[in-house]
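Listed in order, the protein sequences are those of chains A and B. Numbered continuously in our numbering, the first sequence closes out at residue 279. Numbered continuously in our numbering, the second sequence closes out at residue 338.
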Amino acid sequence: MWAAEKSRANPLVPLPATISAVRELTIDVNLFQVQFGDGGGFPYRPGQFAFLSAFGVGEAPFSITSLNDEGGPMEFAIRRVGTVSTALHDMEPGSVLGVRGPFGNGFPLDTFKGKNLVIIGGGIGLAPLRPIIKNALVYRDDYGEVVVIYGARTHQDLVFASEFEDWAAVPGVRLELTVDREGPGWDGRVALVPAVIKELQPTVENAVAIICGPPIMIRFVLAELKAQGFENHQIVTTLESKMKCGIGKCARCNIGEKYVCQDGPVFTFDQISGFLEQI
Amino acid sequence: MSRFLSREALLAWLDGLREGGTVVVAPTLVEGVSLYRQVPVASEIDLDASVTVVSPKEWLFPASHTIFTVERKDGRVDLRENTFDGRAVLFGLHPCDALGVHLMDVPFLAEPADGSYRERRERTALVGLSCIRCRPECFCTSVDTSPDDPTHLDVMLTLVEGGYVVAAASDKGEALLASAKPEEKALSLPEPPAPEKLPTEDLPRLFRALYDDGYWGRLADRCIHCNICSYVCPTCYCFDMRDYPRGNTAERVQSWESCQAPGFTRLAGGHDTRGSKAAKMRQRFAHKFLYFPETFDSQLSCSGCGRCVRACPVNIDIREIISDLKKIGVSSVGSGEK
């Protein structure tokens, strides 16, 4: 008559873990390596995310920017912008934080196989795309040409700059960088991301475009990709939305009836074309 | 023949359960207001309670509740989950509130289930009380229940002369009644009252047609974001989770929240996916009449209790919205305003 067993694991309760290393990526973005007590983590897929807790401050979701298949610690690239991210930035290696995850659907890698990838990122939006890029480098033969178009406000805001050379050195991989504003120390392209797409005219046939960035960038990139002939089903994005639970309950993150935490965060534009004003 | 419990026998049964360690949660007068609370003795139960101001979700999904506590000690962090190991009887639910519990079960028990809710729910039996009168705001027969409907309950009581007709509505209820010792009596049940009937058929489709209509913005103009509709609602389940630090310890607290609250969907950095009043208002009713039924292949997320109608300080009336969706939807005269 009554439930005999003790409570099963509550998905809202995090596991304590330790920050094993911190690396500064830009003036306000740090890369955190996180490990559980036994040195491991949980398996995850490119495009999934986890909640990190700064105990006593709160909890927020962050995309996992490492590639599970590389076997290293879990990594999170976090911009100091809210209360939780600020508390995390104040932590040193060895600090204990809480981790819940992984959540979300991740990128549909199976549908990317054999295709040319056009990976389009803006600012910290490169974080969830990095595992896709890494995956395409590790399993190079699974994909056609890979073009990464990445922009930020200034060149000092480009995250993972120390890895660009390695990425671009792989045959069949092109990295196209751009910044919104010129500045000393930058002699590269100065243009908004959609303008770069227009300039490069990536091949539409057998291609999939994968976007992550601020909503305003997503809107204009979408318009430009459509102008280039990309169809909604060829365009994939990963969305950011306010969320507290990650398990489809707290009712913050939904875009229409789609829950970003469970149905997403990765969507094709086929799935969300009716809700574009809500992203 | 019916099973009958006198008023005294009913209270004795509940006190017996209580003395056996079962928590009894029932309507009781708190400064003159009937609310669901743990009662120290069954005689404190407000047996005549109609629809309580706040719904019985307070027991299964408390207004605020500590999920876990962490304590920092010598560079380590100890995390202790707050669990409920007891048993409870949630007593006196009218059929609308039984439906409300079901409509809370649907999202919270869907895998991955909310751990705190599941634990309490599995350890709680629902004892219902059929309605002998309706309030003016009641519309339960419009949303898949009725004043004498035992669905979703474990035990159903019906008020008759001198006591209650008692019926088990589940195996859990039958087991619970083992200690009740009812008399067998030939009794006829009273005719249930008939609440207002609203045009709820086809509501998801009608909603879809008016999704982008200016209706939501006009309705939202008068909302003052007090959130009371969500708090009194038996089916609203939006929640917040916050940390409360104290010295070396911190508690993570899960608490009620409302989709109407400013900042509910605002991200760090300021972007807000439902920043406008219109978007917030549409969310409240789209969740109940469109997203919920579509997501869970379920009925509407409304129990027909009318609490929000009573509580809203600016007279936003869910019954009016249902009727408007029908009126505007059927005649297809959306204003086109955005």
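Cβ coordinates follow ideal geometry from the N, Cα and C atoms, glycine included. Quantities reported herein were computed from a predicted structural model and do not represent experimental measurements.
For chain A, check one thing: does any of its Cβ atoms lie closer than 8 angstroms to the Cβ of B/E294? Yes, B/E294 lies at the interface with chain A (some Cβ there is under 8 angstroms from its Cβ).
Closer than 8 angstroms to chain A by CB, B/V106: Not closer than 8 angstroms to any Cβ of chain A, the Cβ of B/V106 fails to qualify, so no.
Over the uninterrupted beta strand (DSSP E) stretch that includes B/M241, give me the two end residues. Counting along the chain, the unbroken beta strand (DSSP E) around B/M241 starts and ends at 239 to 246.
Taking Cβ-Cβ distances shorter than 7 angstroms, what residues in chain B pair up with A/L158? Those do not exist, as A/L158 stays about 18 angstroms from chain B at its closest Cβ, beyond 7 angstroms.
Proximity test, Cβ basis, 8 angstroms: A/G123 and chain B: At a cut-off of 8 angstroms between C-beta atoms, A/G123 does not count as an interface residue with respect to chain B.
State the Cα-Cα distance for the pair A/P61 and A/I78, rounded to the nearest angstrom. Going by the C-alpha atoms only, they are around 10 angstroms apart.
Are any of the Cβ atoms in chain B nearer than 8 angstroms to that of A/C212? For A/C212, the answer is no, since every Cβ of chain B falls outside 8 angstroms of its Cβ.
Since B/L210 contacts B/I328 with CB under 8 angstroms, what's their CB separation in whole angstroms? Contact flag correct, Cβ pair sits at about 6 angstroms.
Would you say B/P112 reaches chain A, if we count a Cβ-Cβ gap shorter than 8 angstroms as a contact? Interface annotation, B/P112: in contact with chain A, CB-CB separation under 8 angstroms.
Pull up the CB-CB distance for A/N115 and A/A207, whole angstroms please, since I reckon it's below 8 angstroms. Note on identity: in this sequence residue 115 of chain A is Lys, with Asn being the wrong assignment. Contact flag correct, Cβ pair sits at about 6 angstroms.
Same chain, Cβ closer than 6 angstroms to A/D270, neighbours up to 5 away in sequence not counted: Excluding positions up to five away in sequence, the list reads N232, H233.
Stretch-stretch touch, CB-based, cutoff 8 angstroms, three pairs: the stretch 149 to 164 of chain B with the stretch 185 to 203 of chain B: They touch, by the three-pair rule.
For A/V146, collect the residues of the same chain with a Cβ closer than 6 angstroms to its Cβ; drop the 5 residues on either side in sequence, then sort them by chain order. Excluding residues within five positions, the ones whose Cβ falls inside 6 angstroms are L117, A136, V173.
Taking the CB atoms as reference points, tell me whether B/F139 and A/K244 lie closer together than 8 angstroms. Taking 8 angstroms as the Cβ cut-off, B/F139 and A/K244 do not qualify as a contacting pair.
B/G16 and B/S146 closer than 8 angstroms at C-beta: Annotated as distal: B/G16 and B/S146, with beta-carbon spacing of 8 angstroms or more.
Rounded to a whole number of angstroms, what is the C-alpha to C-alpha distance between B/P293 and B/F108? Those two C-alpha atoms are separated by around 15 angstroms.
Counting only runs of 4+ residues fully inside the stretch 90 to 152 of chain A, write out the alpha helix (DSSP H) ranges in chain order. Listed in chain order, the complete alpha helix (DSSP H) runs (minimum 4 residues) inside the stretch 90 to 152 of chain A are 109 to 112, 130 to 138.
Can you list the residues of chain B that A/E301 reaches, using a CB-CB cut of under 8 angstroms? Since the first residue of chain A shown is 1 and the last is 279, residue 301 of chain A is not available in this structure.
Does A/G104 pass the burial test, meaning 16 or more other C-beta atoms within 10 Å, or should it be called exposed? Residue burial annotation: A/G104 is buried, with at least 16 other C-beta atoms found within 10 angstroms of its C-beta.
Report, in whole angstroms, the separation of the C-beta atoms of A/A191 and A/T203, which I expect to be a contact under 8 angstroms. In this structure A/A191 does not touch A/T203 by the C-beta definition: roughly 20 angstroms separates them, more than the 8 angstroms allowed.
Between which two residues does the beta strand (DSSP E) carrying B/V77 extend? Residues 76 to 81.
With DSSP as the reference, identify every bridge partner of A/W167, one or two as the case may be. In DSSP, A/W167 forms no bridge with anything.
With a threshold of 8 angstroms on Cβ separation, who are the neighbours of B/A261 within its own chain once the five nearest residues in sequence on each side are excluded? Leaving aside the five residues that flank B/A261 on each side, the residues in its chain whose CB is nearer than 8 angstroms to its CB run, in chain order, H225, N227.
Please list, in chain order, all residues of the same chain as A/K242 whose beta carbon is under 8 angstroms from its beta carbon, the five residues on each side excluded. Taken in chain order, the residues that qualify are R252, C253.
Measure from the alpha carbon of B/F84 to the alpha carbon of each residue in B/V106, B/C96, B/S116, then state which is nearest. When each option's Cα is compared against that of B/F84, the closest is B/S116.
Cβ contact (3+ pairs, closer than 8 angstroms) linking the stretch 257 to 277 of chain A and the stretch 11 to 25 of chain B: Cβ pair count under 8 angstroms is below three, so no.
Count Cβ pairs between the stretch 38 to 53 of chain B and the stretch 193 to 213 of chain B that sit closer than 8 angstroms; are there 3 or more? Of all C-beta pairs linking the stretch 38 to 53 of chain B to the stretch 193 to 213 of chain B, fewer than three are shorter than 8 angstroms, placing the two stretches out of contact.
Distance, Cα to Cα, A/S20 vs A/F36? In a straight line, the C-alpha of A/S20 is about 9 angstroms away from that of A/F36.
Test item: CB-CB of A/L97 and A/S53 under 8 angstroms: Against a cut-off of 8 angstroms, the Cβ pair of A/S53 and A/L97 comes out as a contact.
Just verifying my parser: in three-state terms, what is the DSSP assignment at B/T141? The answer is helix: DSSP assigns B/T141 an H, G or I state.
Does any residue of chain B bring its CB to less than 8 angstroms from the CB of A/F269? Nearest CB-CB separation between A/F269 and chain B: not below the 8 angstroms threshold.
Contact criterion: CB-CB distance below 8 angstroms. Does B/C302 meet it with respect to chain C? Chain labels in this structure do not include chain C; the protein chains are A and B.
Beta-carbon within less than 7 angstroms of A/P93's beta-carbon, same chain only, minus the 5 sequence neighbours each way: which residues are those? Cβ neighbours of A/P93 beyond the five flanking positions: I19, S20, A21, V22.
Measure the Cβ-Cβ separation of B/A125 and B/G173 and say whether it is below 8 angstroms. Yes, the Cβ-Cβ distance between B/A125 and B/G173 is below 8 angstroms.
Taking 8 angstroms as the threshold (beta carbon to beta carbon), is A/V13 in contact with chain B? Judged by the 8 angstroms Cβ criterion, A/V13 is in contact with chain B.
In chain A, which residues lie less than 7 angstroms from B/L60 when you measure between Cβ atoms? Near B/L60 there are no residues of chain A at all, since even the closest Cβ is about 14 angstroms away, more than 7 angstroms.
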